[in-house]
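All residue numbers for the sequence shown refer to our numbering, where the first residue is 17 and numbers rise by one.
We treat Cβ as the ideally placed atom computed from N, Cα and C, and that holds for glycine.
Here the structure comes first, spelled out in structure tokens, and everything after it is commentary.
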Amino acid sequence: MQNETKLLYAQPVIERQVELLKQECITLKEQGVVPSLKVILVGDNPASVIYTNSKKKFAEKIGASCEIVNLDKTISEQEFLKIVNQFNEDPLVHGILIQLPLPKSLSQIDTTDLVVPHKDVDGFHYENVAKLYRGQLGETSMIPCTPKGIVTMAKYYGVDFSGKSVVIVGRSLIVGKPLSLLLTNLNATVTLAHSKTQNLKELTKSADIIVAAIGSPKLFTKEYFRNDQSQVVFDVGINRSNEGKLCGDCDFENIKDQLAAITPVPKGIGPMTIFSVSQNLISAAKK
Numbered sequence: 017m018q019n020e021t022k023l024l025y026a027q028p029v030i031e032r033q034v035e036l037l038k039q040e041c042i043t044l045k046e047q048g049v050v051p052s053l054k055v056i057l058v059g060d061n062p063a064s065v066i067y068t069n070s071k072k073k074f075a076e077k078i079g080a081s082c083e084i085v086n087l088d089k090t091i092s093e094q095e096f097l098k099i100v101n102q103f104n105e106d107p108l109v110h111g112i113l114i115q116l117p118l119p120k121s122l123s124q125i126d127t128t129d130l131v132v133p134h135k136d137v138d139g140f141h142y143e144n145v146a147k148l149y150r151g152q153l154g155e156t157s158m159i160p161c162t163p164k165g166i167v168t169m170a171k172y173y174g175v176d177f178s179g180k181s182v183v184i185v186g187r188s189l190i191v192g193k194p195l196s197l198l199l200t201n202l203n204a205t206v207t208l209a210h211s212k213t214q215n216l217k218e219l220t221k222s223a224d225i226i227v228a229a230i231g232s233p234k235l236f237t238k239e240y241f242r243n244d245q246s247q248v249v250f251d252v253g254i255n256r257s258n259e260g261k262l263c264g265d266c267d268f269e270n271i272k273d274q275l276a277a278i279t280p281v282p283k284g285i286g287p288m289t290i291f292s293v294s295q296n297l298i299s300a301a302k303k
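Here it is as structure tokens:
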């Protein structure tokens, strides 16, 4: 008899964790610290507006302060850097997030090290990446938000990475590479694959856990997975199907019955990423 595939929704995870963040926020306020996040948005990219509003809404939900700093897309590089630096130096600002992508006029800027490490709620600064590489992960570590969200979700649903074979498909600096380091620190055996990997189907079929983060709608079809309901899939992709509907990197409806568990798109990894921003903000405010 076939078991029902477990769908890994973000909402139950967040509901469990949000009260802890609220309490930490109250404790900080009692110490005279109001966690404050500045989200820098240049231009009016529709997707970026949605993301920034979601981050603001959740930060305020836990009791933190969040301001979306709207900058005109014609802003000069000098003025942009000046604003970032002002927030870096302001002791009342604990977290800074630069919403990507930046407009073409600023696209040559390497944002990786613009935000000082202890305010880098995205976890992209070289110092924070180095700590991840070295396995120096403490309570106030700035870990990239999507990898952090995946691990938080996995813990809630009882998905253990230790000793497991994990294939991550996608080598971005935002998801694939930092996640490979994070899961290695959790004693997983990690293979980091990508669009040029030749034996991709064989790799994903042999894995215990697959993370799809390649940004290609419904790429992962039945042929990429075993048919024994033993594999767990985290689908990081956020794409539009040919019909214009939001979808992941996996052909969800046609593969889910083959798996032990899978994250849906939407309502899966996306909300966990936004949640992790507020987690990192609280960590930054403790420093």
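Would you kindly check if the distance between the Cβ of residue j and the Cβ of residue i is under 7 Å?
i: Lys135; j: Gly111; result: yes
i: Ile298; j: Glu40; result: yes
i: Ser52; j: Val109; result: yes
i: Thr21; j: Lys272; result: yes
i: Ile38; j: Ile78; result: Here residue 38 turns out to be Lys, not Ile, going by the sequence shown. Contact flag set, yes.
i: Tyr172; j: Val65; result: no
i: Cys263; j: Pro233; result: yes
i: Val49; j: Ala301; result: yes
i: Ala204; j: Phe236; result: no
i: Arg187; j: Leu216; result: no
i: Lys54; j: Thr156; result: no
i: Val167; j: Ala228; result: no
i: Val252; j: Ile278; result: no
Once you ignore the five residues that flank residue i on each side, which residues in its own chain have a CB closer than 7 Å to its CB?
i: Pro280; result: Leu23, Tyr25, Phe268
i: Pro119; result: Val58, Gly59, Lys89
i: Ile190; result: Pro160, Thr162
i: Glu93; result: Leu122, Ile125
Among residues of its own chain, excluding the 5 on either side of residue i, which ones have a beta-carbon nearer than 6 Å to its beta-carbon?
i: Thr220; result: Val183, Ile226, Tyr240
i: Thr289; result: Cys161, Thr162, Gly165
i: Ser121; result: none
i: Val206; result: Val182, Ser196, Leu199, Thr200
i: His141; result: Asp129, Pro133
i: Asn104; result: Val132
i: Pro287; result: Ala26
Report the residue from the options whose alpha carbon sits nearest the alpha carbon of residue i.
i: Asn86; options: Lys72, Ser123, Glu105, Lys77; result: Lys72
i: Val83; options: Thr237, Ile56, Asn104, Asp60; result: Inspection of the sequence shows that residue 83 is occupied by Glu rather than by Val. Minimum Cα distance to Glu83 is reached at Ile56.
i: Leu275; options: Val252, Arg242, Gly264; result: Arg242
i: His210; options: Lys217, Asp224, Ile30, Ile230; result: Ile230
i: Gln124; options: Lys147, Gln102, Leu97; result: Leu97
i: Arg32; options: Ser178, Asp244, Met169, Val145; result: Met169
i: Val34; options: Asn144, Pro62, Tyr67, Ala80; result: Ala80
i: Ser222; options: Lys180, Lys261, Gly253, Leu202; result: Lys180
i: Asp224; options: Asp244, Lys212, Thr213; result: Asp244
Can you list, in chain order, the residues of its chain with a C-beta nearer than 8 Å to that of residue i? Leave out the 5 residues immediately preceding and following it.
i: Tyr149; result: Leu197
i: Phe74; result: Ile290, Phe291, Val293, Ser294
i: Lys283; result: Tyr25, Ala26, Gln27
i: Val100; result: Ile56, Ile112, Ile114, Leu130, Val131
i: Asn270; result: Thr237, Lys238
What's the call for residue i, buried or exposed, on a 16-neighbour Cβ count within 10 Å?
i: Gly174; result: exposed
i: Gln115; result: buried
i: Pro117; result: exposed
i: Gly151; result: exposed
i: Asn296; result: buried
i: Asn19; result: exposed
How about residue i: is its C-beta nearer than 7 Å to some C-beta of chain B?
i: Ile225; result: The structure shown contains no chain B; it is built from a single protein chain.
Does the region 241–248 come close enough to the region 186–203 that 3 or more CB-CB pairs lie under 8 Å?
-> no
Decide if the region 158–169 is in contact with the region 186–194; the criterion is three or more beta carbon pairs, one per stretch, under 8 Å apart.
-> yes
Using 8 Å as the Cβ pair cut-off and three pairs as the minimum, do the region 128–142 and the region 251–270 touch?
-> no
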